[in-house]
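Worksheet: one structure, shown below.
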Amino acid sequence: MKFIYCCVFILLISSCNNKKTAAIQEIEKPESSRVKKHDQLASIQSKFQLDIDTWKEYENLAIFLQQYTSISPNNALNNSRELNDIAKSLVDSLKPAIFETPAFNARVNLLYNETLRLYDMSSIPAIKANEVNNHIDKILNAFSSINSKINTTLKQRELELTVEDISFKKKIPKKKTTAEFDIKKFTPRSKKKTKSKGKLNKNFSKKSQKIMLFEEDLLEEKKNNRKRKKNGKKKTN
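To convert, count from 1 in the sequence shown and add 24; that's our numbering.
In structure tokens form, the structure reads like this:
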């Protein structure tokens with residue numbers, strides 16, 4: 025009996041050990057299969073969403089990249105081809121006119137190149153999990169850079185429109201009241217008229233004085249001429 029009990033006890037212990045090792049093996053997954061959480065993507069401000077609603081290629085990429093914020097290296101590599109295709113469609117897409125600039129296109133091309141590099145990694149057998157995770161961070165940062173540029177560009181346009189509106193309002197003349205209009209229209213003119221009359225009177229008086237003096241000089245000359253004639257006659261007599 026003791027021998028039987030010992031055998032049963034040994035079997036129980038061995039079965040328990042097997043369960044523990046199996047549980048440990050299940051918990052300890054390979055690093056390439058472990059899900060890693062990455063930083064969240066920079067988002068577009070809500071007030072600017074209407075400006076990009078018609079840009080379907082951008083929307084498709086934004087939705088697809090959400091899964092890369094929490095993903096295992098294996099799944100990231102498995103989906104890398106589809107990600108690269110969507111990024112290529114963004115490069116070739118018809119962007120809103122405001123984003124057709126060299127600076128913005130450079131950010132889009134950078135994102136495409138990073139997705140292409142991830143797709144190339146999927147064909148490397150000895151690729152390490154941490155290398156894949158680091159490259160996922162680069163892709164997410166590149167897309168966040170695009171979102172930041174979208175916010176900056178639309179914010180700048182908003183400020184320019186505000187400044188133009190303010191300057192336009194300043195150029196519009198204020199409506200004048202009838203009283204102000206009458207005062208400005210008639211009062212200065214009446215003053216100018218009185219001044220001009222005063223000047224005319226002064227000029228006229230100066231001219232009249234000169235004429236009177238001139239006439240007096242003529243009279244005196246006539247008198248002197250008469251006296252000379254009389255004196256000349258007396259001398260001849």
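No residue lacks a Cβ here, since even glycine has one placed at the ideal position from N, Cα and C.
| Check | Outcome |
| --- | --- |
| Would Ile174 and Leu89 be called neighbours here (beta carbons separated by less than 9 Å)? | no |
| For Asn99, which option in Met145, Asp77, Leu243 has the closest C-alpha, if you only look at C-alpha atoms? | Met145 |
| Is it buried or exposed, Glu138, if we count other Cβ atoms within 10 angstroms and call 16 or more buried? | buried |
| Is it right to say Ile148 is buried, meaning 16 or more other beta carbons lie within 10 angstroms of its own, or is it exposed? | exposed |
| Taking the straight line between their C-alpha atoms, what separation do you get for Ala150 and Asn158? | 16 Å |
| The alpha helix (DSSP H) that contains Ala150, what's its start and end? | Per DSSP, Ala150 belongs to no alpha helix (DSSP H) and is neither H nor E. |
| Which partner residues of Ser18 appear in the DSSP bridge assignment? | Because the chain in this structure spans residues 25 to 261, residue 18 falls outside the shown range and cannot be described. |
| How long is the line joining the alpha carbons of Gln180 and Asn84, rounded to whole angstroms? | 26 Å |
| Would the beta-carbon of Ser96 fall within 9 Å of that of Val59? | yes |
| Helix, strand or coil for Lys215? Go by DSSP, reduced to three states. | A caution first: Lys215 carries a pLDDT of 48, below 50, which makes its placement in the model too unreliable to give a value. |
| For the region 108-117 and the region 69-76, state whether three or more C-beta atom pairs, one from each stretch, are separated by less than 8 Å. | no |
| List the endpoints of the continuous alpha helix (DSSP H) containing Glu52. | That residue, Glu52, is in no alpha helix (DSSP H); it is neither H nor E in DSSP. |
| Compute the Euclidean distance between the alpha carbons of Leu135 and Ala166, then round it to the nearest angstrom. | 5 Å |
| Under three-state DSSP, which class holds Asn103? | coil |
| Beta-carbon within less than 8 Å of Asn102's beta-carbon, same chain only, minus the 5 sequence neighbours each way: which residues are those? | Ser146 |
| With burial defined as no fewer than 16 other Cβ atoms inside 10 Å of the residue's Cβ, what is the status of Leu242: buried or exposed? | exposed |
| How is Leu118 classed by DSSP in three states: helix, strand or coil? | coil |
| Cα separation between Ser56 and Asp161? | 16 Å |
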